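Worksheet: one structure, shown below.
In this note's numbering, the protein residues as written are 4 to 398.
Set out below in C-alpha cells:
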C-alpha cells in the first residue's frame, strides 16, 4: 500500500482562514473525466471536504469511460460546450442548483488564436447557461490554467519559435506577455462577470494524475513510452536535453491541485485571486528517469547528448504495438494517439530554463497542500495500473 502524502486534514487545506458559511454547496465540475477533474470530484465527495457535504455534477463532452467510478459524482452530464444550444439544453435542468463552477475543461488547437476562440466560447456558453436561469445561485468559479501564463503559447507552431518568457521562479504578479494566450482570455471572461460571482485562477505546473482522457498527461505519455520500450526491447532513453536532465523542474499532483481549487472556492480571502499550484518541491529529470526505470522495469540509460533523438518520430508508428499491449494485458481499450502527447512532452524536456513556480502567495493566503513528487509519481502509476490503463508487471 502506497502512503500518499497528498491527503490533508481540513486545517492543512484552509490554514488560518475560515471556510465561508453556506446553505448547501453544489458543484459543477466541467472536465470531470480528465486527471484534474477526476481528482477534484473525488476531493469534493470526501467526508471532511471543506464546505461539504457537496452535491457534485460532473460534466464532459463524452460519456464516462469504463474506469470512471460512478460514485464520484451525483449526476453525470454529457454535452458539447462549444455548442451553445446543447450546453443550455443539458445544463438548464440543474442551473438553478449550481453554486460553484470548477472549470477544468479545455480543447487544444495548434494555433493559439484558435485556442483563444474555442476555449473562451466553451466557458462563455457554460456561464451563460448557469447565469441565465431565473434563480441562479452561482457564487464562485474556479478556472484551471497553467504556467504557459508565464511562458506564452509554447505549442503554437509559429509563435513558439520567437517567445520571450519570464525568468523563473514564476510568480503570480508577473505581467502578461505580449502574445495571444487563451489563459488570459479565460481570466478576462470570469473577471467581466464581477461582482455577480467571485472567481479564482489556478496556475498549475506539469500535472500528474490518472486518466486516459487528458490532453496533456505527461505521466501517461512517459508510461506508454516505457511500456512500449520494455515490450519491444528498445532502450528507454531520455528524449530531452542535458540542461533539463540536470536542472530543476516542478510538478503538480492532481490531488494537491484539487485541494487548492476547493480551498479557494470556500475561503473568502481568496476571492478574485490567481494562485500557482505545485507540489512544493523540485526535481531533476535525471532523478525522475531513474524512478521511471524502476517502476517500469527497464534499464537506466545515462544521458548522452551525442545521441539526441526525436521521441515524437520514434513513437509515431507504435500504435499497433500499444494495441498488442492492451490486448495482452487486458487493459481498458485505448488508442495510443488519443491518450498521449509526445509533442508536449518533448517541448517540456527541451526547455532552456528551469520550469519552477513560486508557492509563496498560496502559503501567505493559507494554503499548505504539498506532496513529495517521487511519492506522487509512484502513487499515480499504481492508480493507472489499478484502472487498467497501463499494465502491471509481476516480479
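Ideal Cβ positions, reconstructed from N, Cα and C, are used throughout, including at glycine. If you're wondering where the values come from, they're calculated on a predicted model, not measured in any experiment.
Buried or exposed by the 16-neighbour rule on C-beta atoms within 10 Å, applied to residue i
i	result
residue 238	exposed
residue 190	buried
residue 137	exposed
residue 155	buried
residue 143	buried
residue 380	buried
residue 177	exposed
residue 299	buried
residue 197	exposed
residue 71	buried
Option in the options with minimal Cα separation from residue i
i	options	result
residue 100	284, 28 and 151	28
residue 54	267, 108, 250 and 114	267
residue 314	240, 381 and 202	240
residue 302	292, 161, 123 and 308	292
residue 165	175, 174, 182 and 149	182
residue 78	121, 30, 114 and 103	30
residue 346	389, 157 and 69	157
residue 367	300, 175 and 80	175
residue 232	322, 253, 130 and 259	322
residue 331	308, 312, 396 and 63	396
residue 250	64, 269 and 289	289
residue 38	141, 103 and 109	109
residue 252	131, 325 and 150	150
residue 117	104, 96, 102 and 162	162
Residues of its chain near residue i, where Cβ-Cβ distance is below 7 Å and the 5 sequence neighbours each way are ignored
i	result
residue 45	75
residue 383	211, 212, 213 and 222
residue 13	Because the pLDDT of residue 13 is 36, which lies under 50, any placement of that residue in the model is unreliable, and the number read from its coordinates should be weighed accordingly. Answer for residue 13: 51 and 53, listed in chain order.
residue 62	31, 32, 33, 35, 80 and 82
residue 106	33, 126, 144, 145, 146 and 147
residue 193	144, 146 and 202
C-beta atoms of residue i and residue j nearer than 7 Å
i	j	result
residue 90	residue 98	no
residue 204	residue 277	yes
residue 172	residue 365	no
residue 201	residue 274	yes
residue 329	residue 256	no
residue 57	residue 43	no
residue 248	residue 312	no
residue 284	residue 376	yes
residue 352	residue 242	yes
residue 185	residue 122	yes
residue 337	residue 215	yes
Close-in-space but distant-in-sequence residues of the same chain around residue i (CB under 8 Å, 5 per side omitted)
i	result
residue 168	153, 154, 155, 180 and 356
residue 6	Low confidence applies to residue 6: its pLDDT is 38, below 50, so where it sits in the model is not reliable, and the reading given next is rough at best. Once the five neighbours on either side are set aside, the close Cβ partners of residue 6 are 378.
residue 393	223, 226, 227, 230, 334, 384 and 387
residue 310	240
Own chain residues within Cβ distance below 6 Å of residue i, not counting five before or after
i	result
residue 87	128
residue 82	89, 90 and 93
residue 254	208, 209, 211, 282 and 376
Cβ-heavy atom distance, residue i to the ligand ZN, below 6 Å
i	result
residue 59	Looking for the ligand ZN in the displayed structure turns up nothing, as the structure carries no ligands at all.
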